[in-house]
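All remarks here apply to the structure that follows.
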Amino acid sequence: MNIKSQIDKLRDKLNHHNYRYYVLDDPEISDAQYDRFFRELQALEKEHPEFIHPDSPTQRVGGAALSAFTQITHAAPMLSLENVFSHDELIAFNERISRQLKSDAEIEFVCEPKLDGLAISLRYENGDLVSAATRGDGSVGEDVTHNVRTIKSIPLTLLGDDFPRQCEVRGEIFMPKKDFEAMNNAAEKIGEKIFANPRNAAA
């Protein structure tokens, strides 16, 4: 097997295991095995940088995240939903959506837990992550692509081949409480700033 094929095979293998670990929560190999594959890929790419691909796990940005951001204009407004606190407000919400859709058809809703984090827009072109932006004012957000590339659960390249040439994924970046507590404990020990809550830490 030539060097390029070795690198391609290792890259695909690591991306597969990242997906198993971060998306399916069902790892197939141990952390030690993963680290061994990762170091092997790092060594090969160091010797043959001409074969480094943007979706390689080694290309995730390390070190400090950027604190100064440029702006990105959203292709479509990035809005938030209003809260409802009563049955009457829920009925009014349903009626408002029906009016906006100009339809009397029954509407189906999907409900999920509210995650208190940072709204994010991920834009992919030909399956590759090209930009990440915060909601901002709904029309213009901050370009946080560099920071988002440090998050291992966000794919740098989409799997498969049935995705559109351009697609946008909107969701929430959040920090689990146990990770928040561990981060604050570590920061406190070395005299660094601690955060008031997981949402602020994620942002």
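Each residue of the sequence shown is one higher than the one before, counting from 1120 in the working numbering.
Just so you know, even glycine gets a beta-carbon here, dropped at the ideal spot from N, CA and C.
Rounded separation between residue i and residue j - CA only
i	j	result
residue 1268	residue 1220	36 Å
residue 1319	residue 1273	19 Å
residue 1321	residue 1203	25 Å
residue 1166	residue 1244	29 Å
residue 1217	residue 1280	35 Å
residue 1324	residue 1135	The displayed coordinates of the chain run from 1120 to 1322. Any statement about residue 1324 would go beyond what the structure contains.
residue 1213	residue 1207	10 Å
residue 1309	residue 1270	24 Å
residue 1157	residue 1141	16 Å
Limits of the beta strand (DSSP E) - the one that residue i falls within
i	result
residue 1311	Segment: none, residue 1311 is in no beta strand (DSSP E) and carries neither H nor E.
residue 1289	1285-1292
Option in the options with minimal Cα separation from residue i
i	options	result
residue 1191	1206, 1258 and 1286	1258
residue 1132	1245, 1147 and 1261	1147
residue 1126	1237, 1229, 1175 and 1313	1175
residue 1302	1290, 1291, 1292 and 1315	1315
residue 1177	1231, 1285, 1275 and 1291	1275
residue 1179	1248, 1151 and 1228	1248
Range of the contiguous alpha helix (DSSP H) that encloses residue i
i	result
residue 1250	Note, residue 1250: premise wrong, no alpha helix (DSSP H); beta strand (DSSP E) at 1247-1253.
residue 1178	Unbroken run through residue 1178: none, as it is neither H nor E.
residue 1133	1122-1137
residue 1267	1264-1267
CB-CB length for residue i against residue j, believed under 8 Å
i	j	result
residue 1287	residue 1224	That belief does not hold up - the Cβ atoms of residue 1287 and residue 1224 are roughly 26 Å apart, past 8 Å.
Point to revise | Any alpha helix (DSSP H) of 4 or more consecutive residues that is wholly inside the stretch 1148-1234 | key: 1150-1166 and 1206-1220
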